[in-house]
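**Student:**
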Amino acid sequence: MTAHSPPARPTRTRHVVLWLTVAVYMITYMDRVVISAAMPSIKEEFGFSTVTVGWILAAFQLSYAMFQIPGGWLGDRFGPRRALTGIVIWWSAFTAMTALTWSATSMIICRFLFGMGEAGAFPVATRSLSRWMLPTERGWAQGVTHAGSRLGGAITPVIAVSLIAWGGWRAPFMIFALVGLVWAVVWFLYYRDRPDDHAQTNDAERELIREALGRRDTKKSHVSVPWKQILSNPQMWLLAAMYSCYGYSIGIYLSWFPSYLVAEHGFTLAQMGVFASLPLLAGVGGDIAGGWVSDYLLKRTGNITMARRSVAIVGFILAGSMIVMAITAANPMVGVAFFCAAVFGLELTVGVSWAVALDIGDEFAGSVSSVMNTAGNLGATIAAAATGYLVTMYSWNAAFSVLAGLAAIAAVLFLWIDASKRVYADPA
Numbered sequence: 032m033t034a035h036s037p038p039a040r041p042t043r044t045r046h047v048v049l050w051l052t053v054a055v056y057m058i059t060y061m062d063r064v065v066i067s068a069a070m071p072s073i074k075e076e077f078g079f080s081t082v083t084v085g086w087i088l089a090a091f092q093l094s095y096a097m098f099q100i101p102g103g104w105l106g107d108r109f110g111p112r113r114a115l116t117g118i119v120i121w122w123s124a125f126t127a128m129t130a131l132t133w134s135a136t137s138m139i140i141c142r143f144l145f146g147m148g149e150a151g152a153f154p155v156a157t158r159s160l161s162r163w164m165l166p167t168e169r170g171w172a173q174g175v176t177h178a179g180s181r182l183g184g185a186i187t188p189v190i191a192v193s194l195i196a197w198g199g200w201r202a203p204f205m206i207f208a209l210v211g212l213v214w215a216v217v218w219f220l221y222y223r224d225r226p227d228d229h230a231q232t233n234d235a236e237r238e239l240i241r242e243a244l245g246r247r248d249t250k251k252s253h254v255s256v257p258w259k260q261i262l263s264n265p266q267m268w269l270l271a272a273m274y275s276c277y278g279y280s281i282g283i284y285l286s287w288f289p290s291y292l293v294a295e296h297g298f299t300l301a302q303m304g305v306f307a308s309l310p311l312l313a314g315v316g317g318d319i320a321g322g323w324v325s326d327y328l329l330k331r332t333g334n335i336t337m338a339r340r341s342v343a344i345v346g347f348i349l350a351g352s353m354i355v356m357a358i359t360a361a362n363p364m365v366g367v368a369f370f371c372a373a374v375f376g377l378e379l380t381v382g383v384s385w386a387v388a389l390d391i392g393d394e395f396a397g398s399v400s401s402v403m404n405t406a407g408n409l410g411a412t413i414a415a416a417a418t419g420y421l422v423t424m425y426s427w428n429a430a431f432s433v434l435a436g437l438a439a440i441a442a443v444l445f446l447w448i449d450a451s452k453r454v455y456a457d458p459a
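FYI, our numbering numbers position 42 of the sequence shown as 73, with every residue one higher than the one before it.
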């Protein structure tokens, strides 16, 4: 070795952590979507009515919204390594137990408990990246993780149907649960709450992270969450209100869009299966693009607020304007193309929104993102109920017009969201 050896290049352990996080995002959507693919077989075996099926599906959504904040608190209180391992084991157990249910009541209880576990997934996973990802990588990281979730939801029906044909409706629940348990073991063995504690990070990567995050004290892993400061900060509620607009909108595409294609345009079930998936696939591109562009702007300008705000506002404007084009298109196929553009625009905002939760939450990103995601899921819950009334009383166009209005509101709210302002102060 010479006296002037070049400095070691930083390792990329943080990127392995990111891809493990992408994997768990995919697993969350696989485990929550599998029941939709299995429901026809479940109805046939148990003779459930459509109303009963609605209560079974609602049990998950209710608990998922209720336990966002407790789930995020677990990550901030006990650290992402232990918290995320525990909740993935929890929801994987109840994924498997769904296959052992014997009545509507037992299935409702099982899905409610399953939702309790999944509720902590996104907040704690966000917290797991807070000490690892550089600020200039956060937008892309959040975009690619959410792209993973959308991709997981898109591929699950195909996998589930094949497994049902092979081993009955219980088979996919058991196999998907096993996937979750394997992931939990890998996560616990590989992940560490702090880069300094990871054997595969070299000094160069640790210093890169330390300098980028500007953290003076990284030794305290588990500290009390400053809930009073977080919940009294206007930035927190601006972020939550914006994300509730997003949650309402994406909830329509996840729950009502297939029915819209059949009822409004007369698509066959086979056509509906193909065309209903296209907007979500377009959303995968939006997830990745939004985060990447935001990080690119941050690197070029150093202005984190502008980098987050500009991408989100453009995304919401695109989402709202394309909705108007979609519902006024004379050709249904052209309408679907505009819906794809609308979801692409909507998903441009997702990586940015979760990056902002990291930016303003920092050490308490799990708690901040849990509040934001609670608002988003409450928006989705309202969408599921309100759309039925709007369609019955007015029309499908009226129901989708609401999305255009919410996109405009979200764009205005983002004008006031400042990613440079944390929602808590350092202790004295």
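A virtual CB, placed ideally from N, CA and C, is assigned to each residue, including glycine.
Going residue by residue through the stretch 125–171, where are the continuous alpha helix (DSSP H) segments of at least 4 residues, counting only ones entirely within it?
**Tutor:** Within the stretch 125–171, the complete alpha helix (DSSP H) runs of at least 4 residues are 135–149 and 152–161.
**Student:** Can you tell me where the alpha helix (DSSP H) holding Thr-405 begins and where it ends?
**Tutor:** Per DSSP, Thr-405 belongs to the alpha helix (DSSP H) from 396–424.
**Student:** Mind reading off the beta-carbon distance from Val-119 to Trp-214? Whole number of angstroms is fine, and I expect it under 8 Å.
**Tutor:** About 6 Å; that satisfies the 8 Å criterion.
**Student:** Return the CA-CA distance between Pro-71 and Tyr-284, expressed in angstroms with no decimal places.
**Tutor:** Taking the straight line joining both Cα atoms gives about 21 Å.
**Student:** Could you pull out every residue in the same chain whose Cβ sits closer than 6 Å to the Cβ of Arg-247, ignoring the five residues on either side in sequence?
**Tutor:** For Arg-247, the predicted structure reports a pLDDT of 44, less than 50, and the residue's modelled location is therefore unreliable. A value from the coordinates is still provided. Correct list: empty, nothing qualifies.
**Student:** Beta-carbon separation of Leu-292 and Val-367 under 9 Å?
**Tutor:** Yes, the Cβ-Cβ distance between Leu-292 and Val-367 is below 9 Å.
**Student:** Helix, strand or coil for Pro-41 per DSSP?
**Tutor:** Here Pro-41 sits in coil by DSSP.
**Student:** Determine the extent of the alpha helix (DSSP H) in which His-229 is found, giving its start and end residues.
**Tutor:** Here His-229 belongs to no alpha helix (DSSP H), and DSSP marks it neither H nor E.
**Student:** Rank Ala-185, Ile-73 and Glu-168 by C-alpha distance to the C-alpha of Leu-131 and give the top, closest one.
**Tutor:** It is Ile-73 whose Cα lies nearest to the Cα of Leu-131.
**Student:** So, for Ala-68: in the same chain, excluding its five sequence neighbours on each side, which residues have a beta-carbon less than 8 Å away from its beta-carbon?
**Tutor:** Here the set comprises Thr-187, Pro-188, Ala-191, Val-192, Ile-195 and Pro-203.
**Student:** Given that a residue counts as buried once 16 or more other Cβ atoms are within 10 Å of its Cβ, and exposed if not, what is Glu-76?
**Tutor:** Looking at its Cβ environment, which holds fewer than 16 other Cβ atoms inside 10 Å, Glu-76 is exposed.
**Student:** Is it the case that the stretch 105–117 contacts the stretch 382–399, given that we only count it when at least three CB pairs across the two stretches are under 8 Å?
**Tutor:** Output reads yes: the stretch 105–117 touches the stretch 382–399.
**Student:** Note down, in chain order, each residue of its chain lying with its Cβ closer than 8 Å to the Cβ of Phe-79, except the 5 sequence neighbours on either side.
**Tutor:** So the qualifying residues of the chain are Ile-73, Ile-87 and Ala-135.
**Student:** Going straight from the alpha carbon of Met-356 to that of Phe-431, what length do you get?
**Tutor:** Between Met-356 and Phe-431, the C-alpha separation is close to 11 Å.
**Student:** So for Val-256, helix, strand or coil by DSSP?
**Tutor:** Three-state DSSP puts Val-256 in coil, outside helix and strand.
**Student:** Alpha carbon to alpha carbon, how far is Ala-127 from Leu-182?
**Tutor:** Cα to Cα, Ala-127 sits roughly 22 Å from Leu-182.
**Student:** Given the structure, does Gly-382 come close to the ligand FMN, in the sense that its CB is under 8 Å from one of the ligand's heavy atoms?
**Tutor:** This structure lacks the ligand FMN; in fact it carries no ligand of any kind.
**Student:** Within the same chain, show all residues whose beta-carbon is closer than 7 Å to that of Ser-252, passing over the 5 residues directly before and after it, in chain order.
**Tutor:** Any reading at Ser-252 is ruled out, since the residue's pLDDT is 49, under 50, leaving its predicted position unreliable.
**Student:** Kindly indicate the opening and closing residues of the alpha helix (DSSP H) around Arg-20.
**Tutor:** Because the chain is modelled from 32 through 459, residue 20 falls outside the range shown and cannot be assessed.
**Student:** When the Cα atoms are used, what is the spatial distance from Gly-179 to Phe-207?
**Tutor:** Distance between the alpha carbons of Gly-179 and Phe-207: 16 Å.
**Student:** According to DSSP, is Val-454 helix, strand or coil?
**Tutor:** Reduced to three states, the DSSP call for Val-454 is coil.
**Student:** If you draw a straight line from the C-alpha of Pro-363 to the C-alpha of Ala-307, how long is it?
**Tutor:** Approximately 12 Å between the Cα atoms of the pair.
**Student:** May I ask you to report which of helix, strand or coil DSSP gives Trp-200?
**Tutor:** Coil at Trp-200, not helix or strand.
**Student:** Which class does Gly-382 belong to by DSSP, given the choice of helix, strand or coil?
**Tutor:** In the structure shown, Gly-382 sits in a helix (DSSP, three-state: H, G or I).
**Student:** Distance, Cα to Cα, Ala-350 vs Lys-259?
**Tutor:** Taking the straight line from one Cα to the other gives about 35 Å.
**Student:** For Trp-323, I'd like the list of residues in its chain whose CB is within less than 6 Å of its CB, leaving aside the five on either flank, ordered along the chain.
**Tutor:** Counting only Cβ-Cβ distances below 6 Å, and skipping sequence neighbours, we find Trp-171.
**Student:** Are at least three pairs of beta-carbons, each pair with one atom in the stretch 331–338 and one in the stretch 417–429, less than 8 Å apart?
**Tutor:** The stretch 331–338 vs the stretch 417–429: no contact.
**Student:** What is the rounded straight-line gap between the Cα of Ala-459 and the Cα of Arg-113?
**Tutor:** Note that Ala-459 has pLDDT 44, beneath the 50 cutoff, so the model's placement of it is unreliable and no number is given.
**Student:** What three-state label does DSSP hand Ile-448 in the structure shown?
**Tutor:** Coil.
**Student:** Would you mind sorting Asp-326 into buried or exposed? The rule is 16 or more other CB atoms within 10 Å of its CB.
**Tutor:** Answer is buried; the Cβ neighbour count reaches 16.
**Student:** So, Tyr-8 versus Gly-146, is the Cβ gap smaller than 9 Å?
**Tutor:** The structure shown does not extend to residue 8, since the chain is modelled only from 32 through 459, so no value can be given for it.
**Student:** Which of the three DSSP states, helix, strand or coil, is assigned to Phe-98?
**Tutor:** Coil at Phe-98, not helix or strand.
**Student:** With burial defined as no fewer than 16 other Cβ atoms inside 10 Å of the residue's Cβ, what is the status of Leu-220: buried or exposed?
**Tutor:** Flag for Leu-220 reads exposed.
**Student:** Quick one: Cα of Gln-99 to Cα of Thr-167, how far?
**Tutor:** Spanning the two alpha carbons is a distance of roughly 27 Å.
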